[in-house]
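Notes for the one structure printed next.
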Amino acid sequence: MYTFSSILRNISSTRKTISRLILSVAVCFSFLSSPAIAEDKPTFRLAWSIYVGWMPWDYGNNAGIIKKWGDKYGVNIDVVQVNDYIESINQYTAGSFDATVMTNMDALTIPAASGVDSTALIVGDFSNGNDGIVLKSADKLADIKGQRVNLVELSVSHYLLARALETVDMTERDVTVVNTTDADLVPAFVTEDVTAVTTWNPLLAEIIKMPNANKVFDSSMIPGEIIDLLVVNTDTLAQHPELGKALTGAWYEILATMQQDNEAGAKALEFMAAASGTDLAGYKDQLASTKMFYKPADAVAFTESAALKDTMAKVAEFSFKHGLLGEGAPDAGFIGIATPAGVFGDEQNITLRFNPDYMAMAADNAL
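This is the structure in structure tokens:
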């Protein structure tokens, strides 16, 4: 195909040569826009699961925003809902998806710990009250001592419990963790035997409405530690930066729509509320306890801060203590975690990366 520079080099003073060059360029552009070429666009798969900070992906897919940005950068993006959150990450790790939503801890302990080099492309939000500990007929965290605590073991709920216990000079030895699937947590709290649970919204919102339920600790007390990400396979991103641009551009258009004080903004929020199984008021309550990074510049600043590296060190310590970094991990630094503020862990074994470059492009209106 002729480039602009080659046209300038080859153009002659005769009208005949100019006409031929213009015709050649026209043919090239016609060829590129033909159905045959369109069908050759690379296709990528994005998995998402229900959570307040990830509902925008569902809305963006339904509203055609993701397709719009995919078309802009010449890629197809299939957006797939996976009802089992952990299973979605397992499928990403196995190669069935190119990108998946997940928390910072799960990014470390599942794909990164499995040797799948992964990049946090978008830092969407952090839990600022969306995860919490609820006790039955007790209103102080210290009352948890000696109780059985139902939660999804080795999840961010488990991490939240461990961090909460530190604040009252306790450890996990002071309680008994009872592994319970997220689907069973709400009905379990109704039973007489269950007196303590740790979970996330929308389950948390349902449980605290129950009689004698008291929220005694939540993620707002450890702000910035439970982070919600869009993670992309690092090799895929390196080979197809256009995918990163399309996903990032779509994300911030979706967030901009959510903030509009008009019919379009209301419809977007109503869609997300219904898709997540609540009403508009319930969804807004969940958003209120989520620190959404609506502005890409804010997400970049958070990602570039030294606090992120410190947080990931805490997460790595918890993960190592619970055997989540793999059988051969000798210490919490076994897996290298690259952040703009520096690397935590083994620089020769980096498999988790926080890359603010695409968010910075969005902030600079360069997408």
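Everything in the sequence shown is counted per the working numbering, starting at 3 for the first residue and increasing by one. Quick reminder that beta carbons are idealized off the backbone N, C-alpha and C, glycines included. In this text the structure is predicted, and so the values were computed from the model without any measurement.
Which residue from the options puts its Cα closest to that of residue i?
i, options, result
"PRO332", "ALA115, ILE124 and GLY62", "ALA115"
"GLU89", "GLY55, PHE219, SER291 and SER157", "SER157"
"LYS311", "ILE52, LEU327, THR341 and LEU326", "THR341"
"VAL125", "ALA109, ASN85, ALA185 and ALA275", "ALA109"
"GLU370", "ALA166, GLU244, ALA365 and ASP287", "The shown model of the chain, from 3 to 369, leaves out residue 370, and the question about it has no answer."
Determine the direct distance from the alpha carbon of residue j to that of residue i, and round the result to whole angstroms.
i, j, result
"ILE68", "LEU153", "34 Å"
"ALA417", "SER139", "Summary: the structure shown does not reach residue 417, with the chain confined to residues 3 through 369, and so no result is reported for it."
"LEU249", "HIS242", "12 Å"
"MET172", "HIS160", "14 Å"
"MET3", "TYR75", "Residue placement at MET3 is poorly supported in this model, since its pLDDT is 35, which falls under 50; the coordinates still yield a value, given next. Taking the straight line joining both Cα atoms gives about 19 Å."
"SER307", "ALA301", "10 Å"
"PHE219", "GLU174", "15 Å"
"VAL293", "ALA266", "According to the sequence provided, residue 293 is Lys. The question's Val does not apply to it. The straight-line gap from Cα to Cα measures roughly 22 Å."
"MET104", "PRO213", "32 Å"
"ASN351", "LEU232", "21 Å"
"PHE99", "TRP253", "18 Å"
"VAL54", "THR353", "27 Å"
"ALA299", "ASP359", "11 Å"
"ILE229", "LEU137", "24 Å"
"LEU206", "THR313", "24 Å"
Who are the near neighbours of residue i in its chain, counting only those whose CB is closer than 6 Å to its CB and skipping five residues on each side?
i, result
"ASP80", "ARG47"
"ARG150", "THR178 and VAL180"
"THR1", "Absent from the structure is residue 1, since the part of the chain shown begins at 3 and ends at 369."
"LYS247", "TYR75 and LEU369"
"ASP60", "ALA277"
"THR201", "SER159 and LEU187"
Looking at residue j and residue i, is the spacing between their C-beta atoms short of 7 Å?
i, j, result
"ALA164", "PHE304", "no"
"ASP141", "ASN216", "yes"
"ASP176", "LYS147", "yes"
"ALA315", "PHE273", "no"
"LEU326", "TYR296", "no"
"PRO44", "VAL77", "yes"
"ALA270", "MET260", "yes"
Measure how close the beta-carbons of residue i and residue j come, nearest whole angstrom, since I'm counting them as under 8 Å.
i, j, result
"PRO225", "PHE128", "7 Å"
"GLY134", "SER221", "7 Å"
Which same chain residues end up closer than 8 Å to residue i when comparing Cβ atoms and leaving out the 5 residues on each side of it in sequence?
i, result
"ALA190", "ASN152, THR182, VAL196 and VAL199"
"ASP348", "GLY335, PHE336, ILE337 and GLY338"
Closer than 7 Å by C-beta to residue i: which residues in its own chain qualify, once you throw out the five before and the five after it? Chain order, please.
i, result
"ALA28", "Residue confidence for ALA28 is low, a pLDDT of 37 falling below 50, so the modelled location carries little weight; the figure read from the coordinates is stated next. Excluding sequence neighbours, ALA28 sits near nothing in its chain."
"GLU208", "VAL188"
"LYS211", "none"
"HIS324", "LEU156"
"ALA65", "none"
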